[in-house]
Amino acid sequence: GPLMLATPVLGPAIAFYLLYGAGVVVFGVMPAVREQRLSRATLFSGLLGLVAYGTYDLTNWATLQGWPAQLALVDLAWGTVVSA
6 GPLMLATPVL GPAIAFYLLY GAGVVVFGVM PAVREQRLSR ATLFSGLLGL
56 VAYGTYDLTN WATLQGWPAQ LALVDLAWGT VVSA
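Using the numbering used here, read the sequence shown as starting at 6 and increasing by one per residue.
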């Protein structure tokens, strides 16, 4: 679309995935290891995915012309599941 760069800038993308991975470990994995409960890791990592992807998708849906609702909802579900 008209907002997309011809060549992506890799630095911010790498920074996001490093920060996001650290967030999953700190907020999902570490508490679950302490309590020895896999369900806690799944729940809290999935919740982090819902919040992170929701922030991006819902903001774009609310502010960008032509951002389809279906894309926002599918990506939101993807972020939740892949983070869990």
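Quick reminder that beta carbons are idealized off the backbone N, C-alpha and C, glycines included.
Because the structure is a prediction, the values reported are computed rather than measured.
Out of the options, state which residue places its alpha-carbon closest to the alpha-carbon of residue i.
{"i": "L8", "options": "V30, Q70, D62, L23", "result": "Q70"}
{"i": "L63", "options": "S88, A20, A46, A82", "result": "A82"}
{"i": "A57", "options": "P13, A89, V34", "result": "A89"}
Is there a Cβ from chain C that is less than 8 Å from the Cβ of residue i?
{"i": "Q75", "result": "Among the protein chains of the structure shown there is no chain C, as only one such chain exists."}
Would you say residue i and residue j are within 8 Å of each other, going by their C-beta atoms?
{"i": "G84", "j": "L55", "result": "yes"}
{"i": "G33", "j": "S44", "result": "no"}
{"i": "A37", "j": "A27", "result": "no"}
What is the C-beta distance between residue i and residue j, in whole angstroms, given that I count them as a contact (C-beta under 8 Å)?
{"i": "A77", "j": "N65", "result": "7 Å"}
Handout entry: Runs of alpha helix (DSSP H) lying entirely within the stretch 37-69, each at least 4 residues, in chain order
Key = Here the runs fully enclosed are 43-68.
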